[in-house]
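For what it's worth, my numbering labels the leading residue of the sequence shown as 17, then goes sequentially.
Glycine residues also receive a C-beta, built at the ideal position from the N, C-alpha and C atoms.
This report refers to the structure that appears directly beneath it.
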Amino acid sequence: MIPSHLMQDRYWKGLLYIFLNHNKLQNYLKPDFVDFEELTVHTDALIKASKGWSPSETFMLSLALHLFNGHNKVDMSDADRLDDYNTEIALKALRLRYAE
């Protein structure tokens, strides 16, 4: 269960929005990858798990990780590969992190 205060945290809410609304990433909201007790995102495990994913899936993961802590760099031109649904998820996540 996601602690409610994380949905208000500028670093968590963009990541959580992407994970909660992306079909593949929803499956990775578990302690091996996102540990809500320790308040930790296991970046290396997520990147390892993403091997073989499509470019758009990899972009969404990279964006979520970047919004969380800025360490994971994102090439925004890769967003060109997103369909309309995922583009809206990405834009909303960016607004959650930077504009609200």
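When the Cα atoms are used, Asp60 and Val90 turn out to be separated by approximately 16 Å. Here Ile18 is exposed, its C-beta having fewer than 16 other C-beta atoms within 10 Å. For Gly30, the uninterrupted alpha helix (DSSP H) segment begins and ends at Arg26 to Asn37. Taking Val57 as reference, the option from Leu22, Ile105, Asp94 and Leu110 with the minimal CA-CA separation is Leu22.
The Cβ-Cβ distance between Lys40 and Leu112 does not fall below 9 Å. Secondary structure of Asp51 (DSSP, three-state): strand.
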